[in-house]
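See below for the structure under consideration.
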Amino acid sequence: MAFAFKVNVIFYFTDWRTIMKYNIIYADPPWQYKRKKGQGVAENHYPTMSIEDLCNLQVDKIAEKHCILFLWVTFPQLENGLHLIKAWGFVYKTVAFVWVKLNRKSKTPFWGLGNWTRSNSEICLLGTKGHPKRISKRVHQLICTPIQEHSKKPEQAREKIIELMGNLPRIELFAREKEDGWDVWGNEIKNSIELPEIAESINKSRQDGQAACEAKAAGTD
1 MAFAFKVNVI FYFTDWRTIM KYNIIYADPP WQYKRKKGQG VAENHYPTMS IEDLCNLQVD
61 KIAEKHCILF LWVTFPQLEN GLHLIKAWGF VYKTVAFVWV KLNRKSKTPF WGLGNWTRSN
121 SEICLLGTKG HPKRISKRVH QLICTPIQEH SKKPEQAREK IIELMGNLPR IELFAREKED
181 GWDVWGNEIK NSIELPEIAE SINKSRQDGQ AACEAKAAGT D
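Residue 122 in this note's numbering is what sits at position 122 of the sequence shown, and the numbering runs on without skipping anything.
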């Protein structure tokens, strides 16, 4: 998971007709958790984003007419993940990948923390816009690889995506590094595109404030 941009109260005016659009969008959002202390807490490693801020990223504006979304999510964030898929203009279809985490040295199953059972796997959800088509029926869901640095996802995921969908225009959101053939967006890397972050609630507050001023000036307040 890469570090996220913090949403600021800035209003962007972008000509979306000229921005690059993609057939494949691969994202590993910096999910925000209620738990703030202890080992493995996300905010000890990188800035996180609320579900509201994530939903307000206009990802739908960079999606082609026929586009596929691969979205990493932990099980506690599953409900938010499904909500985010819809907010970005996609329809949830299935779980693309299940990453079974192994220890680096022993290659035995890695056991993390958990409020109920001790956790291991993470899942990558798959959503579609329009009617994207797969080119291979040989791509397996399961990925069994050792963990790396905190929240970094396995390289096999990108490879499987290309095998499944082909060499299409693609972008990784919240990227830590740039891979050949991929555009990227994140705050740890030089971005391939600008992705404005516009909070609708901020826009609404601005509009409500303007309306209140106009009403007061007209003497109707």
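Backbone N, C-alpha and C fix where the C-beta goes; we use that ideal spot for every residue, glycine too.
In DSSP terms, what residue i is bridged to
i: Thr-145; result: Lys-101
i: Cys-67; result: Lys-129
i: Cys-223; result: Examination of residue 223 is not possible in this model, given that the chain is present from 1 through 221 alone.
i: Asp-183; result: Ile-171
i: Trp-88; result: Paired residue(s): none; Trp-88 is not in a bridge.
i: Trp-111; result: Its beta-bridge partners do not exist; DSSP assigns none.
i: Trp-31; result: Met-49
Residue from the options whose Cα sits closest to the Cα of residue i
i: His-117; options: Phe-75, Gln-32 and Leu-54; result: This sequence places Thr at residue 117; His is not what is there. For Thr-117, the nearest C-alpha among the options comes from Phe-75.
i: Lys-101; options: Tyr-22, Ile-147, Lys-153 and Trp-185; result: Ile-147
i: Glu-177; options: Ile-51, Glu-79 and Lys-152; result: Lys-152
i: Val-91; options: Ser-136, Ala-63 and Pro-47; result: Ala-63
i: Gln-77; options: Ser-136, Glu-159 and Met-49; result: Met-49
i: Ile-162; options: Leu-82, Trp-182, Ser-119 and Lys-105; result: Trp-182
i: Arg-158; options: Gly-112, Ser-119, Glu-172 and Glu-149; result: Glu-172
i: Leu-113; options: Leu-69, Gly-186, Glu-122 and Asn-23; result: Glu-122
i: Pro-47; options: Gln-58, Cys-144, Leu-57 and Tyr-33; result: Tyr-33
i: Glu-103; options: Lys-65, Cys-144 and Leu-82; result: Reading off the sequence, residue 103 comes out as Asn, not Glu. Measuring from the Cα of Asn-103, the nearest candidate turns out to be Cys-144.
i: Thr-160; options: Glu-149, Phe-174 and Lys-137; result: Sequence check: residue 160 is Lys here, not Thr. Closest by alpha carbon: Lys-137.
i: Thr-128; options: Leu-69, Pro-29 and Ala-27; result: Leu-69
i: Leu-57; options: Pro-29, Glu-79, Lys-65 and Ser-192; result: Pro-29
i: Val-73; options: Met-20, Tyr-26 and Asn-115; result: Tyr-26
Supposed close pair residue i, residue j - CB separation, criterion 8 Å
i: Trp-88; j: Asp-60; result: 5 Å
i: Leu-126; j: Thr-94; result: 5 Å
i: Leu-164; j: Val-184; result: Between Val-184 and Leu-164 the Cβ distance is about 20 Å, and since that is not below 8 Å, they are no contact.
i: Gly-166; j: Cys-67; result: About 13 Å separates the two Cβ atoms, so there is no contact after all.
i: Asn-23; j: Pro-169; result: 5 Å
i: Leu-82; j: Ile-51; result: No, Leu-82 and Ile-51 are not in contact; Cβ-Cβ is about 11 Å, not under 8 Å.
i: Phe-110; j: Gln-141; result: So it is not a contact: roughly 19 Å between Cβ atoms.
Extent of the continuous alpha helix (DSSP H) to which residue i belongs
i: Ile-161; result: 155-165
i: Ile-51; result: 51-55
Unbroken beta strand (DSSP E) run spanning residue i, endpoints
i: Ile-24; result: 22-27
heavy atom of the ligand NAP below 7 Å from residue i C-beta
i: Pro-30; result: This structure does not include the ligand NAP; it has no bound ligands of any sort.
Minimum Cβ-Cβ distance from residue i to chain D less than 8 Å
i: Gly-114; result: No chain D appears in the structure shown, which is made up of a single protein chain.
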